[in-house]
Amino acid sequence: MNIYVCHCSNTFNYGSMMMGENFIRYFNEVTNASHHYYVETEDDINIQRLRTATGIEEIYPTAVNSLFIRPLNKYDYLLSEMRFINLVSDFARKIDLVVVLGGDDFTEDYGWKDPVINALRFSFLKRQGIRVVLLGQTMGPYHSFRVSLMKHILGRLDQIYPRDEITFSYLKDMGLKNISMTDDLALLPLSKQKAREKLKQYITYCPSELIYRYAKEGDRDSWIDFNCFMADIILNRYPDKKLILLAHVLKPPHVDDRVIVKELFNLLNEKYPERILAKTDELYPYEVRDLIQESLFVVSSRMHPVISSIQCVIPAIALSYSSKYWGIIDGRYGLGDYIIDVRYLNYNEMKEKFVELIHKIEAEYEQIEEKMSINNAVAIRSIFNALESIRDL
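Residue numbers are given in the working numbering: position 99 of the sequence shown equals residue 249, and the series is strictly consecutive.
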């Protein structure tokens, strides 16, 4: 088949890359066949990274929005919806299946226009006979006129696979019939991932250059102060451990986590010489998991390092800025107690909760590991069920 893959255009967001490489690898496995994967990207290096990570060569670059003859404007959406024009490209007619990989692009956490526009674009493809599935999504809630509008548009697609029970229940209550539960693709082992001895010599922190913008009190300087507070707590409590500051998103520039990693390293290194490691080089996700597997626990301002820690059965504290954390970490794994939601707590409250969670991890370490192990088996089965369902479309 010719399969078009959306939302894996940037492999320097390791979360996106994990979902992309796992879909390609495991879909070949489930179908017992090799397919041609056309991945949207603006830089061919992303394709080379996917080929290297998966060992699969049949992965090809295609321009973003190449399924359409031109970038769509608001009049195009209206005219296409009314069937007055058809903007689907000739290239699109060679595609057997469009897979829209997960994320939270169909929530209203960042505004309502993009979810509506994205849903319309994919529904236009479906009207031209191209199969379209949304795989591993966090979606909704929608408000006002978007409730009925999104129900109408999303109902046209072949299948939607929510990655958490909150999303699944919400879409079911909306009245959608084309939904099946799955889990985040990153919960599967990566192609080059190897089991490593759990030496627990590190504590890994993945800071974010994005998250403070959603914090209740905002203010980047206060966010840096909070990060230093967490580092002080960790390094003083565990004098035999080293702290890894790991950048998990390197592109685009306005959310490049290397900025905050370097800043924190400069602030902490003099106080804790030879105990701070800054990982700012370009990695593959399996290399990130190598470090996580050697960590006592993980703290992260990004969601997918927490997903990786769960997959590696390493406890984690998640600093959350959107609903997607709750659906997966709490809904699937019952680990909501280890989420600090920065949208609702001021900095003093976050500091207090962080200290509490350090004690809680120490007291419940084995129970956390057991929860992760049990639910990982359930998640893997649900993901394979979804891939088998897509195969059977």
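Each residue gets a CB set at the ideal place from its N, CA and C atoms; glycine is no exception. All values derive from a computational prediction rather than experimental measurement.
How far does the alpha helix (DSSP H) with isoleucine 174 in it extend, from its first residue to its last? Here residue 174 is taken as the residue at index 24 of the sequence shown, counted from 1. Where isoleucine 174 is concerned, the enclosing alpha helix (DSSP H) stretches over 164 to 181.
With three or more beta-carbon pairs closer than 8 Å as the criterion, would you say the stretch 345 to 357 touches the stretch 330 to 337? no
Tell me which residue opens and which closes the beta strand (DSSP E) that serine 470 is part of. Here residue 470 corresponds to residue number 320 of the sequence shown, with the count starting at 1. Per DSSP, serine 470 belongs to the beta strand (DSSP E) from 466 to 470.
Would you kindly work out how many angstroms separate the C-alpha atoms of aspartate 487 and aspartate 480, rounded to a whole number? Mapped onto the sequence shown, residue 487 falls at position 337. Mapped onto the sequence shown, residue 480 falls at position 330. Rounded to whole angstroms, aspartate 487 to aspartate 480 spans 8 Å at the Cα level.
Opposing strand residues paired with glutamate 190 [DSSP bridges]: Within the sequence shown, the letter at position 40 stands for residue 190. According to DSSP, which records beta bridges pairwise, glutamate 190 is partnered with Thr212.
Straight-line Cα distance separating isoleucine 540 from aspartate 133: Residue 133 lies beyond the residue range present for the chain, which begins at 151 and ends at 543; the question has no answer from this structure.
Is the separation between the beta-carbon of lysine 392 and that of leucine 427 shorter than 7 Å? If you number the sequence shown from 1, residue 392 lands on position 242. If you number the sequence shown from 1, residue 427 lands on position 277. Yes, these two residues count as a Cβ contact at 7 Å.
Is the beta carbon of glutamate 192 sitting closer than 7 Å to the one on cysteine 156? By 1-based counting over the sequence shown, the position of residue 192 is 42. By 1-based counting over the sequence shown, the position of residue 156 is 6. Their beta carbons are not under 7 Å apart, which means glutamate 192 does not touch cysteine 156 by this criterion.
Unbroken alpha helix (DSSP H) runs of length 4 or more, entirely within the stretch 335 to 423: which are they? 370 to 387 and 408 to 418
Taking the alpha carbon of serine 159 as the point to measure from, which residue in Tyr176, Ala213, Ser184 and Asn178 has its own alpha carbon closest? In the sequence shown, the residue the question calls residue 159 occupies position 9. That would be Ala213, whose Cα lies nearest to the Cα of serine 159.
Sheet register partners of asparagine 152 (DSSP bridge): The residue labelled residue 152 in the question sits at position 2 within the sequence shown. His186.
Which residue marks the beginning of the beta strand (DSSP E) containing proline 312, and which one marks its end? The residue you call residue 312 lines up with position 162 of the sequence shown. Run containing proline 312: 309 to 312, per the beta strand (DSSP E) assignment.
Beta-bridge pairing of phenylalanine 218 - partner residues as DSSP gives them: In the sequence shown, counting from the first residue as 1, residue 218 sits at position 68. Phenylalanine 218 pairs with Val238.
Burial state of arginine 387, where buried means 16 or more other Cβ atoms lie within 10 Å: For the purposes of this step, residue 387 is taken as residue 237 along the sequence shown, with counting starting at 1. It counts as exposed.
Selection from Leu395, Thr161, Met169 and Ala345 that minimises the alpha carbon distance to leucine 537: What you label residue 537 is simply residue 387 of the sequence shown in a count that begins at 1. The residue with the shortest Cα to Cα distance from leucine 537 is Met169.
Just checking, does the stretch 442 to 449 make contact with the stretch 170 to 185 on the three C-beta pairs under 8 Å criterion? no
For isoleucine 490, which beta-bridge partners are listed by DSSP? Sequence index remark: in the sequence shown, residue 490 carries index 340 (1-based). Per DSSP, Leu469.
Of the listed residues Ile464, Glu424, Asp371 and Met300, nearest to glutamate 514 (C-alpha basis): As a working note, residue 514 is residue 364 in the sequence shown. Nearest option by C-alpha distance: Ile464.
Helix, strand or coil for glutamate 330 per DSSP? In the sequence shown, counting from the first residue as 1, residue 330 sits at position 180. It is worth fixing the name first, because residue 330 is serine in this sequence and not glutamate. Coil at serine 330, not helix or strand.
Straight-line gap, glutamate 512 to serine 216 (C-alpha atoms, nearest Å): Mapped onto the sequence shown, residue 512 falls at position 362. Mapped onto the sequence shown, residue 216 falls at position 66. Between glutamate 512 and serine 216, the C-alpha separation is close to 50 Å.
Mark glutamate 502 as exposed unless 16 or more other C-beta atoms lie within 10 angstroms of its C-beta, in which case mark it buried. Numbered from 1 along the sequence shown, position 352 holds the residue referred to as residue 502. Exposed: under 16 other Cβ atoms inside 10 Å.
Have a look at glycine 477 and leucine 485 and give me their C-alpha separation to the nearest angstrom. Within the sequence shown, numbered from 1, the residue matching residue 477 stands at position 327. Within the sequence shown, numbered from 1, the residue matching residue 485 stands at position 335. Glycine 477 and leucine 485: Cα-Cα distance of roughly 10 Å.
Give, in chain order, every unbroken run of the alpha helix (DSSP H) that is at least 4 residues long and sits entirely within the stretch 418 to 462. 435 to 443 and 453 to 461
Three or more beta-carbon pairs under 8 Å between the stretch 519 to 537 and the stretch 293 to 301, yes or no? no
List the whole-angstrom C-beta distance separating isoleucine 310 from glutamine 278, where the pair is believed to meet the contact cut-off of C-beta under 8 Å. For the purposes of this step, residue 310 is taken as the residue at position 160 of the sequence shown. For the purposes of this step, residue 278 is taken as the residue at position 128 of the sequence shown. The Cβ separation is near 19 Å, so there is no contact.
Which residues does DSSP list as the beta-bridge partners of glutamine 278? Along the sequence shown, one-based indexing puts residue 278 at 128. Beta-bridge pairing links glutamine 278 to no other residue.
Enclosing alpha helix (DSSP H) for leucine 321 [first to last residue]: Walking along the sequence shown from the start, residue 321 turns up at place 171. From DSSP, the alpha helix (DSSP H) with leucine 321 extends over 315 to 324.
Between the beta-carbon of threonine 161 and the beta-carbon of arginine 199, is there less than 7 Å? To locate residue 161, count along the sequence shown from 1; it is residue 11. To locate residue 199, count along the sequence shown from 1; it is residue 49. Contact: yes.
So is isoleucine 489 buried or exposed if we call it buried at 16+ other beta carbons inside 10 Å? Translated into the one-based positions of the sequence shown, residue 489 becomes position 339. Classification of isoleucine 489: buried, given that the 10 Å Cβ count is 16 or more.
Can you grab the Cα-Cα spacing for the pair aspartate 491 / serine 470, in whole Å? Here residue 491 refers to the residue found at position 341 when the sequence shown is read from its first residue. Here residue 470 refers to the residue found at position 320 when the sequence shown is read from its first residue. Cα-Cα distance, rounded: 5 Å.
Can you name the start and end residues of the alpha helix (DSSP H) that leucine 495 belongs to? Counted from its first residue, the sequence shown places residue 495 at position 345. Looking at the DSSP string, leucine 495 is not in any alpha helix (DSSP H), and its letter there is neither H nor E.
Give the range of the alpha helix (DSSP H) segment to which leucine 229 is assigned. Position 79 of the sequence shown, counted from the first residue, corresponds to residue 229. First-last of the alpha helix (DSSP H) with leucine 229: 224 to 231.
In chain order, what residues of the same chain lie with their CB nearer than 6 Å to the CB of tyrosine 154, ignoring the 5 residues before and after it? Start at 1 with the first residue of the sequence shown, and residue 154 comes out as number 4. Closer than 6 Å at Cβ, skipping near neighbours: Tyr188, Ile245 and Val248.
Would you identify the three-state DSSP class for phenylalanine 534, choosing helix, strand or coil? Taking the first residue of the sequence shown as position 1, residue 534 is located at position 384. Phenylalanine 534 falls in the helix class under three-state DSSP.
Boundaries (first-last residue) of the beta strand (DSSP E) holding leucine 251: Looking up residue 251 in the sequence shown gives position 101. From DSSP, the beta strand (DSSP E) with leucine 251 extends over 247 to 251.
Between the CA atoms of aspartate 194 and tyrosine 497 - distance to the nearest angstrom: For the purposes of this step, residue 497 is taken as residue 347 along the sequence shown, with counting starting at 1. For the purposes of this step, residue 194 is taken as residue 44 along the sequence shown, with counting starting at 1. Each residue's Cα considered, the two are about 41 Å apart.
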